[in-house]
Amino acid sequence: MMRRRQLIELGASIATSTLVGPALADEALLQHLGAPQDLGTPLEALNRLITPTPLFFVRSHFGPPALDLARKIRISGLVRQPFEIDETAFGHLQQVTVTAVLQCAGNGRALQTPRVPGVQWVHGAMGQATWTGVRLKDVLERAGVLPGAAHVRLAGADLPPKPTVPAFLRSIPLARALDPGTLIAYRMNGEPLTLAHGAPFRLIVPGWAGDHWIKWLTDLHVQKDEAEGFYFQTAYRLPIEPVSPGAAVPPEATRPLTTLPVKSIIAQPLDGSRQRVGKQEITGVAFSGEKAIARVEVSLDGGASWRAATLEGEPGAGRWQVFRHVFEDRTPGPKHAVVRAIEAGGATQPEKAAWNPGGYLWNGWHAVSWEVVA
Amino acid sequence: MPRRTTALLALTAAIAVGCKGDHAGPPPAPASSASAPVISSAAPLLSDTAAHAMIVDDCLSCHTEQMLAQQRLTPRQWASEVKKMQGWGAPVEPENIDPLAAYLAAKYSTETAPERVPTISPADAAAAIAPLPDGAFAGGDAGRGATAYHELCATCHADDAGGAAVGVHLVDRPLLHRAADFARVVRSGRGRMPAFRVEDVPDAQIANLLAHLRSSR
């Protein structure tokens, strides 16, 4: 009991004091929902290789559970030896740090036409951080996965507000669970995870949408089948075949969404802003969950011609790079830029994102207009 | 119940999609309808006051009103949202489903101006869910708390505090470590939760209730 109290108090100071450096003092989160918290990263912050934790978007279905750093993870189901672990037991396993984009599947929902219900994210439900933890693979190997296992069902400590609300249950295929990039993380950007970001443990599934990155992780159940229930069988699915905007899609014509499609977003200049004549700088981020980014192209003439932007940061599937295009403009007046990303040997970001009933994974071309003034 | 397009809704929401006039019923439900909005003729548009009372009673136990206010949906989409939420435990009276959906469809329609998203500082956002010292509510007795809980709270929040038809779940929540906020809800009430008088739940009793609920995991 004493131990838990102390941990809770320790957590309180972590939660309120982390990293709010002077550079961030006047940057604010977009409050899409106050309770439970759905908070977006401001667009102008999306041109950094690492999104500072205080500005990193927050998504919650039911809100966080109480902060309890002594929470354990139970591994059960089709394993030789079910067990419970916490951070002390992780000491025996190799500690790994990965840099990866976390993007909510619903990011860009507000940009879908026709509109669909759900949290109306525009661009802010994404960020990139370093995630430190142990490999899920190492934990599963210790438990000993039995033949017949094909999926790992994941649950966190955040309970639905009433028994009539479906629990947030998800699963990932065993192959993805055994991928060396899939982690049980306890640190984000070098600091212990905050409560809003999943303390004490969350899953990291680089390249895949945020609905797999279970926060407040408490249960890993190895099983033969996919998870059941609303949040796997109804939500977070895409039409198997493209559908016309507004169409009804029966459940049997859908599949679970997984990988983040290629996407780029302009953070600066902001739409509707004014810039002085002279040096103009277009910056933002580009990523794909599938492949590394090969190039990012900027058009200043509405798509008639394209120039390659410079890229910063390490390329890789599931991690973002910052792009930058700098040019001189001595003529005052309205300006327009549009950007698109192309993945290595793969897809080009589509001009218009494919509409789907859940409003998931919007990745259309992002355009901004600004005014150059004398 | 006969359904037909009402003049009111045609005015507020149907302009952009084109009014097709009266027809007998909705086509098989697409996720988002391109046809004229159809609502029950038995549902005159609620007044703001009546609708607000209904929303406070029925819609704000699990999320704030901004969840509703940020949507821009068709009448058909609103009707299915209200029904979905009723299925998830929103205590909407059956006869209120249509009027509430019609009100929301007029107020937050596909034609309504975009929501102005408010901002919050990172420090305030973290502070809103962070644990705080118990202060006057420290040192409760879990046994006495259990007795008080079963006497005063369990009818709505369930014996295991997991939530029921009326009350929400109270187990393992950040609010249990924000004693002053917890006490404020108990003493002011909220939505369908009645306010308890300080005499009935003095500080020591709040402490007991907290001790009981914290041990209920």
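Protein sequence lines correspond, in order, to chains A and B.
Quick note: the first sequence uses the numbering used here, first residue 181, plus one each step.
Quick note: the second sequence uses the numbering used here, first residue 102, plus one each step.
C-beta: ideal position from N, C-alpha, C; glycine also.
Since the model is a prediction, treat every value here as computed from it, not as a measurement.
{"Check": "C-alpha distance - F507 (chain A) paired with R291 (chain B), whole-angstrom precision", "Outcome": "56 Å"}
{"Check": "Exposure label - H164 (chain B); buried when at least 16 CB within 10 Å", "Outcome": "buried"}
{"Check": "Beta-carbon proximity check, H212 (chain A) vs V299 (chain A), cutoff 8 Å", "Outcome": "yes"}
{"Check": "Own chain, CB closer than 8 Å to I324 (chain B), minus 5 neighbours either side, in chain order", "Outcome": "With chain B running from 102 to 318 in the structure shown, residue 324 (chain B) is simply not present."}
{"Check": "Residue environment, K342 (chain A), which counts as buried when at least 16 other CB atoms sit within 10 Å", "Outcome": "buried"}
{"Check": "Same chain, Cβ closer than 7 Å to V287 (chain B), neighbours up to 5 away in sequence not counted", "Outcome": "F297, V302 and I307"}
{"Check": "E182 (chain B): contacting residues in chain A (beta-carbon distance under 8 Å)", "Outcome": "P297"}
{"Check": "Burial state of P145 (chain B), where buried means 16 or more other Cβ atoms lie within 10 Å", "Outcome": "exposed"}
{"Check": "Check whether Q501 (chain A) and A466 (chain A) have beta carbons under 8 Å apart", "Outcome": "yes"}
{"Check": "beta-carbon Y209 (chain B) near the ligand NAD non-hydrogen atom, thresh 7 Å", "Outcome": "With respect to small molecules bound, the structure shown includes none, and the ligand NAD cannot be examined in it."}
{"Check": "Length of the line joining the Cα atoms of R560 (chain A) and V429 (chain A)", "Outcome": "Not covered by the structure: residue 560 (chain A). The range shown for chain A is 181 to 554."}
{"Check": "Reduced DSSP category for P372 (chain A) - H, G, I as helix; E, B as strand; rest coil", "Outcome": "strand"}
{"Check": "T434 (chain A) and A309 (chain A) closer than 8 Å at C-beta", "Outcome": "no"}
{"Check": "Spatially closest choice to A489 (chain A) from A:A517, A:L209, A:S468 and A:R499, by CA coordinates", "Outcome": "A:A517"}
{"Check": "Straight-line Cα distance separating A472 (chain A) from I265 (chain A)", "Outcome": "34 Å"}
{"Check": "Through-space distance from A208 (chain A) to L311 (chain B), alpha-carbon basis", "Outcome": "33 Å"}
{"Check": "Beta-carbon gap between G286 (chain A) and G539 (chain A) smaller than 8 Å", "Outcome": "yes"}
{"Check": "Classification of A214 (chain B) by the beta-carbon crowding that lies within 10 angstroms, buried from 16 upward", "Outcome": "exposed"}
{"Check": "Counterpart residues of I307 (chain B) in DSSP-defined beta bridges", "Outcome": "Paired residue(s): none; I307 (chain B) is not in a bridge."}
{"Check": "Cβ-based neighbour list, L201 (chain B), same chain, cut-off 8 Å, excluding 5 preceding and 5 following", "Outcome": "L147, A152, M155, I156, D159, V183 and V193"}
{"Check": "Chain B contact for K252 (chain A) (CB, 8 Å cutoff)", "Outcome": "no"}
{"Check": "Inter-stretch contact (C-beta, 8 Å, three-pair minimum) for the region 288-303 of chain A and the region 329-343 of chain A", "Outcome": "no"}
{"Check": "A280 (chain B) to D273 (chain B) span [Cα, whole Å]", "Outcome": "13 Å"}
{"Check": "Residues, ordered as in the chain, of the region 151-172 of chain B that lie near chain A by beta-carbon distance below 8 Å", "Outcome": "S162, C163, H164, T165, Q167, M168, Q171 and Q172"}
{"Check": "Neighbouring residues, chain A, relative to E216 (chain B) (Cβ below 7 Å)", "Outcome": "Q300"}
{"Check": "Residue closest to A170 (chain B), alpha-carbon to alpha-carbon, out of A:P297, A:V278 and A:N227", "Outcome": "A:P297"}
{"Check": "Within chain B, partners of A447 (chain A) - CB distance below 8 Å", "Outcome": "Neighbours of A447 (chain A) on chain B: none; closest Cβ ~16 Å, over 8 Å."}
{"Check": "Ordered list of beta strand (DSSP E) runs contained in the region 190-276 of chain A, each at least 3 residues", "Outcome": "209-213, 218-220, 253-257 and 263-265"}
{"Check": "Selection from A:R254, A:A329, A:G390 and A:V423 that minimises the alpha carbon distance to V402 (chain A)", "Outcome": "A:A329"}
{"Check": "Sequence ranges, beta strand (DSSP E) only - wholly within the region 438-491 of chain A, length at least 3", "Outcome": "443-448, 454-456, 458-467 and 473-479"}
{"Check": "Proximity of M306 (chain A) and Q283 (chain A) at Cβ, strictly below 8 Å", "Outcome": "yes"}
{"Check": "Closer than 8 Å to chain B by CB, P343 (chain A)", "Outcome": "yes"}
{"Check": "Where P360 (chain A) sits in the DSSP three-state scheme", "Outcome": "coil"}
{"Check": "Any chain B beta carbon closer than 8 Å to A305 (chain A)", "Outcome": "no"}
{"Check": "Short CB-CB distance (under 8 Å) between G257 (chain A) and chain B", "Outcome": "no"}
{"Check": "Under 8 Å by beta carbon: chain B residues contacting A208 (chain A)", "Outcome": "T220, I221, S222 and P223"}
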